[in-house]
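Student: Please find one structure pasted underneath; my questions will follow.
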């Protein structure tokens, strides 16, 4: 199974290789989708964990015991669909396949499952309709 | 020459509610089975439309006279500088003029807000004269407060446009959107077979005085657009393969809807404005029947490298390819994306069709044709 989380690192543990530890000890693949880590400040990682359910659960327990905040990534990209004019500009920079144009209706289709929270659409949208919420 | 119809005959059919009005996409589909001769007999008017970013746009506004009066010199609306070098209380809000304090906000936003009924802050300064003694005004205005508020866009609805790509090793930010490095994506901007000036490529029915759908209301073509160019290469279907003709348009912004006039900000480029335009084309004869039947696979556009100042051509693609989601360039599959809304362009073409069918929109014959021969000159270095 695949599950996405926002990991929040307090400043004092950003130097520990938690992600590697998880991957090594629990046989869980960790795909880092987005990272904002600076020494001395709180760090944030958006990760996708891939493995069997039991191992993902253990990984999370381990991360929490190490002092990391783990919140499931539910609301990734916020999108004001009502105001969208379906120009398509966001689809030109979306490589995950989350934002595509329907080839018949030419409406914008947003598939949150595909989103890797890269943030390119946030800047590309001419109407500024996207925002990213890292909280779960 | 087969059957011909006059503007008057078509208008009479419209008045009797007997006219057959189709969108340009519908007639393009029809042309797979019917010949131009059959289409002239069957179809009276074809509606075309586009909804895309058109930087060369703006609005005239007359604020009304203050008491005591002011001859406004430096004027801003919501901190966006507007041009006031004409008389006392006339001004022109350029769509791309940027706020003094926020580069993502500009004239386009002021125009959209006024259209949607919002109040904007007017700040005006003057030196003061005997007949215009006031030196400073700070107040708010709405579209209902001002005398005139009309869009007058010098260059809209480009007849075809480049497909933009970037061969450099880094991302570039353009009016064609964000262009990713090493041919990472390709963007295009016209509405293809629905695009107004591609359906009447030699401007037989579109000229000065043509009534159009403009921003949700009825407006007019006021002149040929700036950079109007009739000398661009045309393909076998008679379609210019790069940016050629343009139109200048005028319309009452007080009657417009913000659904069809939308402010925009292109990352690290600046402010621009989405403009909705629809143009009816009367099917007067077989030649026009042929031109309104143009299909996406016949409309070719030139791929240009925006990473290099001269924007060299990397070849030609057609709109069927562009709409498929990827094109092949230098042996690589390159993702394509539009920057204008076909969805909203279709909505405009349908709306115009309903207006005409219901007898609410009168067809017009151009008062004057556009120049038959025109080229674009560069600014010389001296």
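Residue numbers (the working numbering), protein chains in the order written: chain A, 635 to 770; chain B, 422 to 803.
Note that the Cβ used here is the ideal one computed from N, Cα and C, for glycine as well.
(1) According to DSSP, is residue 715 of chain A helix, strand or coil?
(2) Residue 602 of chain B versus chain A: which residues are under 9 Å apart at the beta carbon?
(3) With distances taken Cα to Cα, identify the nearest neighbour of residue 712 of chain B among B:467, B:697, B:770.
(4) Per DSSP, which residues does residue 608 of chain A bridge with? Please list them.
(5) Note down the Cα distance separating residue 792 of chain B from residue 580 of chain B, rounded to an integer number of angstroms.
(6) Quick one: is residue 520 of chain B near chain A, going by C-beta distance under 8 Å?
(7) For residue 691 of chain A, would you say it is in contact with chain B, using Cβ-to-Cβ distances shorter than 8 Å as the test?
(8) Along chain A, in chain order, which residues have C-beta atoms closer than 8 Å to that of residue 744 of chain B?
(9) Report the rounded CA-to-CA distance for residue 757 of chain A versus residue 524 of chain B, giving the unit in angstroms.
(10) Using 8 Å as the threshold, is the stretch 571 to 580 of chain B in touch with the stretch 664 to 673 of chain B, meaning 3 or more CB pairs across them?
(11) Here's a check: name, in chain order, each residue in its chain whose Cβ is nearer than 7 Å to the Cβ of residue 492 of chain B, leaving out the five neighbours to either side.
(12) If you run the structure through DSSP and keep just helix, strand and coil, what is residue 790 of chain B?
(13) By the three-class DSSP mapping on this structure, what secondary structure does residue 535 of chain B have?
(14) Counting Cβ pairs, one atom from each stretch, are 3 or more of them under 8 Å apart for the stretch 694 to 711 of chain B and the stretch 624 to 642 of chain B?
(15) Taking CB distances under 8 Å as the criterion, tell me whether residue 475 of chain B reaches chain A.
(16) Across which residues does DSSP place residue 563 of chain B in a beta bridge pair?
(17) Straight-line CA distance for residue 677 of chain A to residue 757 of chain B?
(18) Using 8 Å for Cβ pairs, my map puts residue 666 of chain A next to residue 700 of chain A. What's the rounded Cβ distance?
(19) Taking the straight line between their C-alpha atoms, what separation do you get for residue 650 of chain A and residue 697 of chain A?
(20) Flag this pair as yes or no: are the beta carbons of residue 690 of chain B and residue 595 of chain B separated by less than 8 Å?
(21) Hey, is residue 810 of chain B's beta-carbon within less than 8 Å of any beta-carbon in chain A?
(22) Do the CB positions of residue 431 of chain B and residue 784 of chain B come within less than 8 Å of each other?
(23) Which residue marks the beginning of the alpha helix (DSSP H) containing residue 775 of chain B, and which one marks its end?
(24) Can you list the residues of chain B that residue 725 of chain A reaches, using a CB-CB cut of under 7 Å?
(25) How do the stretch 600 to 615 of chain B and the stretch 468 to 479 of chain B stand: do at least 3 beta-carbon pairs fall below 8 Å, yes or no?
(26) What number of angstroms, rounded off, separates the C-alpha of residue 636 of chain B from the C-alpha of residue 696 of chain B?
(27) On the premise that residue 625 of chain B lies in contact with residue 709 of chain B, defined as a C-beta separation below 8 Å, what is that separation, rounded to the nearest angstrom?
Tutor: Taking the definition as stated:
(1) helix
(2) Correct list: empty, because the minimum Cβ distance to chain A is about 12 Å.
(3) B:467
(4) Lying before the first or after the last residue shown, residue 608 of chain A is absent from chain A, which here runs from 635 to 770.
(5) 15 Å
(6) no
(7) no
(8) 737
(9) 13 Å
(10) yes
(11) 509, 547, 550, 553
(12) coil
(13) helix
(14) yes
(15) no
(16) Beta-bridge pairing links residue 563 of chain B to no other residue.
(17) 36 Å
(18) Not a contact, Cβ separation roughly 17 Å.
(19) 11 Å
(20) yes
(21) No statement about residue 810 of chain B is possible, as the shown extent of chain B runs from 422 to 803 and does not include it.
(22) yes
(23) 763 to 778
(24) 758
(25) yes
(26) 6 Å
(27) 6 Å
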